[in-house]
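Visitor: In UniProt numbering, the protein residues as written are 1 to 313.
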């Protein structure tokens with residue numbers, strides 16, 4: 001497959017300039033690439049940072065809410081940042097979290113979960129579950145409507161979203177009305193056609209980086225036959241009982257086939273699911289080229305889906 005030739009013209013220039021992540025060679029420099037410059041904050045959204053209980057000590061949580069609030073309780077969403085389980089920080093999604101707040105008139109909590117390889121599985125997932133339980137336990141003080149709680153994340157954050165939905169289901173709570181694992185990283189086996197297609201060095205996420213990130217997350221020498229579905233959601237025996245789901249993926253994304261398989265299994269399990277496949281688009285295209293028409297269409301689609309889910313008629 002000629003990967004670069006198939007990329008949409010409006011997405012090509014940014015891809016050509018992207019140096020590619022080098023997880024094994026220099027993880028710290030790859031992490032630095034995800035440190036976005038500060039945004040011009042919206043006057044309609046209040047952002048506060050506080051330390052909350054994580055699974056192993058305190059962790060940072062960023063809370064986004066409308067500046068103009070009435071006395072009524074608002075729906076809430078836990079947002080989980082991406083980065084292949086080994087990179088990323090809540091700061092990089094400030095603009096997106098503000099968009100969710102304004103479109104869905106909701107509260108967003110974004111947690112700074114621990115990263116691999118310093119903290120392999122289950123650290124990140126346990127932190128995310130701690131963040132979700134903190135958010136729901138503090139519903140009264142935060143002004144949250146417990147009947148309208150959702151979770152969402154992208155890429156590695158999408159994988160953690162899918163895993164968190166499984167954990168919340170199996171533990172009997174907190175109750176979720178919706179999950180949105182966007183182009184999720186959910187299968188460490190790397191045996192799909194799309195996992196072999198995307199090998200270009202400057203691809204925003206390629207096979208080499210995916211293999212490295214999974215090794216870091218699961219731990220070197222992990223017994224593949226013993227890997228938990230909470231670590232690798234594609235391994236879940238049943239997806240029944242999960243909340244209604246929205247997801248999307250680019251056709252030129254390494255995660256294309258595992259996402260399609262996940263969507264198919266959700267539908268077969270009786271879970272309501274909405275899915276969008278974007279031709280000519282690579283991993284995280286709407287983040288790398290936000291001004292492109294397809295990027296604006298894709299991001300508006302998932303923001304609108306969250307707004308509909310949190311305000312059911």
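Each residue gets a CB set at the ideal place from its N, CA and C atoms; glycine is no exception.
Alpha carbon to alpha carbon, how far is residue 38 from residue 268?
Guide: Distance between the alpha carbons of residue 38 and residue 268 is about 43 Å.
Visitor: Can you tell which of 167, 241, 263 and 240 has the C-alpha that lies nearest to the C-alpha of residue 249?
Guide: Closest by alpha carbon: 263.
Visitor: Given a cut-off of 7 Å on the beta-carbon distance, is the pair residue 81 and residue 88 in contact?
Guide: Yes. Within cutoff.
Visitor: Mind reading off the beta-carbon distance from residue 83 to residue 156? Whole number of angstroms is fine, and I expect it under 8 Å.
Guide: Contact flag correct, Cβ pair sits at about 5 Å.
Visitor: Is it buried or exposed, residue 48, if we count other Cβ atoms within 10 angstroms and call 16 or more buried?
Guide: When all chains shown are included, residue 48 counts as exposed.
Visitor: Nearest-angstrom Cα distance between residue 196 and residue 254?
Guide: Their Cα atoms are separated by approximately 8 Å.
Visitor: What residues are listed by DSSP as bridge partners for residue 70?
Guide: Answer is none; residue 70 lacks a bridge partner.
Visitor: From which residue to which residue does the beta strand (DSSP E) around residue 231 run?
Guide: Counting along the chain, residue 231 falls outside any beta strand (DSSP E), and DSSP gives it neither H nor E.
Visitor: Going by C-alpha to C-alpha distance, which of 2, 270, 252 and 41 sits closest to residue 91?
Guide: Residue 91 has its Cα closest to that of 41, out of 2, 270, 252 and 41.
Visitor: Excluding five sequence neighbours on each side, which residues of the same chain lie with their C-beta closer than 8 Å to the C-beta of residue 10?
Guide: Within the same chain, residue 10 has close Cβ partners 289, 292, 293 and 294.
Visitor: Residue 178 and residue 309 look like a contact to me (Cβ under 8 Å); what is the Cβ gap, rounded to whole Å?
Guide: That belief holds up - the Cβ atoms of residue 178 and residue 309 are roughly 4 Å apart, short of 8 Å.
Visitor: Restricting to Cα atoms, I'd like to know which of 67, 281 and 77 is closest to residue 204.
Guide: It is 281 whose Cα lies nearest to the Cα of residue 204.
Visitor: Below 8 Å on the Cβ atoms is my guess for residue 67 versus residue 43; work out the distance and round it to an integer in Å.
Guide: Right, their Cβ atoms sit about 7 Å apart.
Visitor: Given residue 109, which residues of its chain have a CB within under 6 Å of its CB, disregarding the five upstream and five downstream residues?
Guide: Here the set comprises 61, 63, 78 and 135.
Visitor: Put residue 91 into one of helix, strand or coil per three-state DSSP.
Guide: Helix.
Visitor: Measuring CA to CA, which of 102, 53 and 200 is closest to residue 15?
Guide: Ranking the options by Cα distance to residue 15, first place goes to 200.
Visitor: Kindly indicate which three-state DSSP category residue 145 falls into: helix, strand or coil?
Guide: If DSSP states are grouped into helix, strand and coil, residue 145 belongs with the strands.
Visitor: Going by CA-CA distance only, name the one from 217, 202 and 168 that's closest to residue 114.
Guide: Taking only the C-alpha atoms, the option nearest residue 114 is 217.
Visitor: Please specify which runs of the alpha helix (DSSP H), each continuous and at least 4 residues long, are wholly inside the region 24 to 61, giving them in chain order.
Guide: Those alpha helix (DSSP H) runs which fall completely within the region 24 to 61 and span 4+ residues are 27 to 32.
Visitor: Could you check the C-alpha separation between residue 202 and residue 275 for me, to the nearest Å?
Guide: So the two alpha carbons sit approximately 27 Å from each other.
Visitor: Give me, in chain order, the residues of the same chain whose beta-carbon lies closer than 8 Å to that of residue 298; leave out the 5 immediate sequence neighbours on both sides.
Guide: 248, 276, 278, 281, 285 and 286.
Visitor: Which stretch, first to last residue, makes up the beta strand (DSSP E) that contains residue 276?
Guide: Residue 276 -> beta strand (DSSP E) spans 273 to 278.
Visitor: Going by beta carbon distance, what residues of the same chain come within less than 8 Å of residue 103, once the five residues before and after it are set aside?
Guide: Result list for residue 103: 303, 304, 306 and 307, in chain order.
Visitor: So the candidates are 235, 223, 141 and 95; which of them puts its Cα closest to the Cα of residue 36?
Guide: Comparing Cα positions, the closest option is 95.
Visitor: Going by C-alpha distance, which of 105, 22 and 213 is nearest residue 143?
Guide: The candidate whose alpha carbon is nearest that of residue 143 is 105.
Visitor: In whole angstroms, give me the CA-to-CA distance for residue 209 and residue 163.
Guide: Near 21 Å, if we compare the C-alpha coordinates of residue 163 and residue 209.
Visitor: With DSSP collapsed to three states, give me the class of residue 65.
Guide: Residue 65: strand per DSSP, three-state reduction.
Visitor: Skipping 5 residues on each side, what residues in its chain have a beta carbon closer than 7 Å to that of residue 53?
Guide: If we look at residue 53 and ignore the five residues flanking it on each side, its Cβ neighbours are 130 and 134.
Visitor: Which residues in the same chain as residue 219 place their Cβ atom closer than 6 Å to its Cβ, once the five residues preceding and following it in sequence are excluded?
Guide: So the list reads 120, once near-sequence residues are dropped.
Visitor: I'd like the list of long-range same chain contacts for residue 351, defined as Cβ closer than 6 Å, with 5 residues on each side in sequence excluded.
Guide: This structure gives no information on residue 351, because the portion of the chain shown stretches from 1 to 313.
Visitor: Got a sec, what are the start and stop residues for the alpha helix (DSSP H) residue 263 sits in?
Guide: Looking at the DSSP string, the run of the alpha helix (DSSP H) that includes residue 263 is 256 to 268.
Visitor: Looking only at DSSP bridge pairs, what is residue 79 linked to?
Guide: The partner list for residue 79 (beta bridge, DSSP) reads 110 and 152.
Visitor: Between the C-alpha atoms of residue 138 and residue 8, what's the straight-line distance to the nearest angstrom?
Guide: Going from the Cα of residue 138 to the Cα of residue 8 covers about 45 Å.
Visitor: Report, in whole angstroms, the separation of the C-beta atoms of residue 213 and residue 23, which I expect to be a contact under 8 Å.
Guide: Indeed they touch by this definition, with Cβ atoms about 6 Å apart.
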